[in-house]
DNA sequence: TGTCGTTCTTATCCTAAGTCAATGGATTAA
DNA sequence: TTAATCCATTGACTTAGGATAAGAACGACA
């Protein structure tokens, strides 16, 4: 099998993507780019693997390169899905180096998944050496915050059927990548209800 | 009336609070503190005033000193409340200097309210001169993002009655400061339903 | 004091979603 | 190939919440 060389090539592709991304926000020498990129790791996970469990002290932030990660809470023994992270989306560590709070949720791979990983310590190191990257990070945090505000607002202002139609419109690929009962939970209804909603829409 | 001197005193108090806050994250000279604080304005609004309307290009971030701000969307002529900002909470501008998107929501004063205000340009100026403050900002953005993730997760995993009980537990003061029909909308139900929920809980 | 507007509550009826149980299809494992 | 498992669908029944309309409580204010 050409497995290890395949992996090698893929990782090199990702690293050069990262270099390109950093080059866009500031002018760095090749050595500096090396240093920055070397603070970031790349990890592969298999379908079903858990990145994080309730109670863990999350000290890493991730970004999805390929694949799909599901965030869920365990409430009365039931999995309540609250988000799906796909290509290009970031998962920020829920705590900082100063305050370490155990996670209340799980992160599980819906598919085989490749992620970039950066530890909290490396993150600080990176900002110390390359302040431009802290600006970049602040900006993407502000955007991400804005996204979440919109998602919350959207959730409050719509009913399950509207939410399903929204999903169909804005993230249609999810419907094929994710089992329906997980989608249902994400939309805030039971699997049975989602089935009925789909039927209702189909008839219309 | 001692109105203008009252106001003066209040503003001085707020400014000294800000100096204290900045001093905690880095060592600044008095002149530097002056410079930083002078980039931030203080504004008073009356109950009912609108800070922001749908379609506006928000170029300011706020923090509530005293009072209460309601965020709401107008959907089919109906106000859908999506958040209440009270003392100590920040309202981040939904867009950056680069991308200017018109706001989709309104910000309205539930009570007479005093806010600190910083424009996007002053924000950049501040980070340029005092990089420590950019770290501070990044950290609070990360915390705020985490808050929103939890709020969304909480909204997805609970029903209206549970959400009301949560509010009772975590922000009880809101129940007295905000009219019930606005709370209802925030909880994702009609005013009539919230009335029934309250009755149900009271009987138990 | 009485009137008006706003907010909250109550009643009725209807619909959407939850619950429980059963079925059938699809995929995987033996 | 046959079980076994997982998942989506359907049906019957219950319940919470939406829509509408009407009345009660409250406060502002002339």
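Residue numbers (my numbering), protein chains in the order written: chain S, 2 to 205; chain G, 2 to 205.
For each residue, glycine too, the CB sits at the ideal point set by N, CA and C.
Note that the structure is a prediction, hence the values are computed from the model and not measured.
Check: Using a beta-carbon distance below 9 Å, is residue 139/S in contact with chain G?; Outcome: yes
Check: Could you give the DSSP three-state label for residue 63/G: helix, strand or coil?; Outcome: strand
Check: At a Cβ cut of 8 Å, what residues of the segment 146 to 179 of chain S count as close to chain G, listed as they run along the chain?; Outcome: 146, 147, 149, 150, 151, 152, 153, 154, 156, 157, 158
Check: List the whole-angstrom C-beta distance separating residue 85/S from residue 175/S, where the pair is believed to meet the contact cut-off of C-beta under 8 Å.; Outcome: 6 Å
Check: Assign residue 193/G to one of two classes, buried (16 or more other C-beta atoms within 10 Å of its C-beta) or exposed (fewer than that).; Outcome: exposed
Check: Who pairs with residue 110/S in a beta bridge, going by DSSP?; Outcome: 70/S
Check: Bridge partners of residue 80/G, per DSSP?; Outcome: 75/G
Check: Using a beta-carbon distance below 9 Å, is residue 195/S in contact with chain G?; Outcome: no
Check: Tell me, please, whether the CB atom of residue 142/G is closer than 9 Å to any CB atom in chain S?; Outcome: yes
Check: With DSSP as the reference, label residue 85/S as helix, strand or coil.; Outcome: strand
Check: Using a Cβ cut-off of 7 Å, which residues of the segment 60 to 80 of chain G contact any Cβ in chain S, in chain order?; Outcome: 74, 76
Check: Taking a contact to mean a Cβ-Cβ separation below 9 Å, would you say residue 1/G touches residue 181/G in this structure?; Outcome: A query on residue 1/G cannot be resolved here, the shown segment of chain G reaching from 2 to 205 and no further.
Check: Determine the DSSP secondary structure at residue 54/S, reduced to helix, strand or coil.; Outcome: coil
Check: Does residue 186/G come within less than 9 Å of chain S when only Cβ atoms are used?; Outcome: yes
Check: Kindly indicate if chain G contains any beta-carbon less than 9 Å away from that of residue 27/S.; Outcome: no
Check: From the DSSP output, which residues share a beta bridge with residue 118/G?; Outcome: 42/G, 63/G
Check: From the DSSP output, in three-state form, read off residue 157/G for me.; Outcome: helix
Check: Using only alpha-carbon positions, find the residue among 88/G, 57/G, 147/G, 119/G that is nearest to residue 63/G.; Outcome: 119/G
Check: Taking Cβ to Cβ, would you say residue 88/S is nearer than 9 Å to residue 117/S?; Outcome: no
Check: Taking Cβ-Cβ distances below 8 Å as the criterion, which residues of the segment 122 to 135 of chain G are in contact with chain S?; Outcome: 128, 132, 135
Check: Determine the burial state of residue 258/S: buried for a count of at least 16 other Cβ atoms within 10 Å of its Cβ, exposed for fewer.; Outcome: The structure shown does not extend to residue 258/S, since chain S spans only 2 to 205, so no value can be given for it.
Check: Note the first and the last residue of the continuous alpha helix (DSSP H) segment covering residue 28/G.; Outcome: Residue 28/G -> no alpha helix (DSSP H), and no H or E assigned at all.
Check: To which residues does DSSP link residue 91/G through a beta bridge?; Outcome: 64/G
Check: Cα-Cα, which of 168/S, 143/S, 144/S is closest to residue 155/S?; Outcome: 168/S
Check: Does any C-beta atom of chain G lie closer than 9 Å to the C-beta of residue 95/S?; Outcome: yes
Check: Under 9 Å, Cβ to Cβ, is there at least one residue of chain S near residue 106/G?; Outcome: yes
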